[in-house]
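Below: the structure, in structure tokens.
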Amino acid sequence: MVSERLLDFLNKAIARELQVSIQYMWQHIQVTGLDGAVVEGIFRKIAIAEMKHAERLAEQLDYLNGVPTAKPDPIFVGSSLVEMLTQDQRDEEDAIELYKEAIQLAHQEGEYTTRRLLEEILADEETHINTFGKLLVGMSEPFTQPGTSQIG
Ligand SMILES: [Fe+2]
Ligand SMILES: [Fe+2]
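Everything in the sequence shown is counted per the working numbering, starting at 10 for the first residue and increasing by one.
Pasting the structure below:
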């Protein structure tokens, strides 16, 4: 018999997945500048992956007789690429922590298909944090050439 605690974990994960799927999609829309042009496709691709995570978790929760939440966690889009990536890296870190805890619990309860699903999602989150972390390397803001901001 699956515990309320595990069902809560699944719903917490769904709320986070809904949050980041919107967050990354809106970053894809709103990011500006040359760097933005390079990364907008990455935001879009990961946003879609997160939506699929939400779907798979909701399917599993429904199977376990839970009701999937429709409410995302608070969304933070950010106003610059560095701000976006810093927030996204933090969100992936939190997701990884949550999934690791949930995997342990699913294992303890003998919920093996839930565990496998969580492990697959965890593996994706690890690639996401790696991607965001690499994009952040060497970035600083705001970049302004000394003495050029007052021209004219
Ligand atoms: Fe995800
Ligand atoms: Fe992710």
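We put the CB at the ideal spot given by N, CA and C, even for glycine.
Burial state of residue 93 is buried, judged by a 10 Å Cβ sphere holding 16 or more other Cβ atoms. By the criterion of a C-beta distance shorter than 8 angstroms, residue 45 is surrounded in its chain by 90, once the five residues flanking it on both sides are discounted. Excluding five sequence positions before and after residue 97, the CB atoms of its chain that fall closer than 6 angstroms to its own CB belong to 141, given in chain order. In this structure, residue 51 has its beta carbon at no less than 8 angstroms from each heavy atom of ligand 1. For residue 97, the secondary structure class from DSSP, reduced to helix, strand or coil, is helix. Counting the other Cβ atoms within 10 Å of the Cβ of residue 71 gives fewer than 16, which makes it exposed. An exposed status is given to residue 117, since fewer than 16 other beta-carbon atoms sit within 10 Å of its beta-carbon. From the listed residues 66, 14, 113, 43, the smallest Cα separation to residue 148 is found for 43. Spatial neighbours of residue 134 in its own chain (CB-CB distance under 6 angstroms, excluding positions within 5 residues in sequence) are listed in chain order as 101, 104, 105.
Rounded to the nearest whole angstrom, the CA to CA distance from residue 88 to residue 37 is 12 angstroms.
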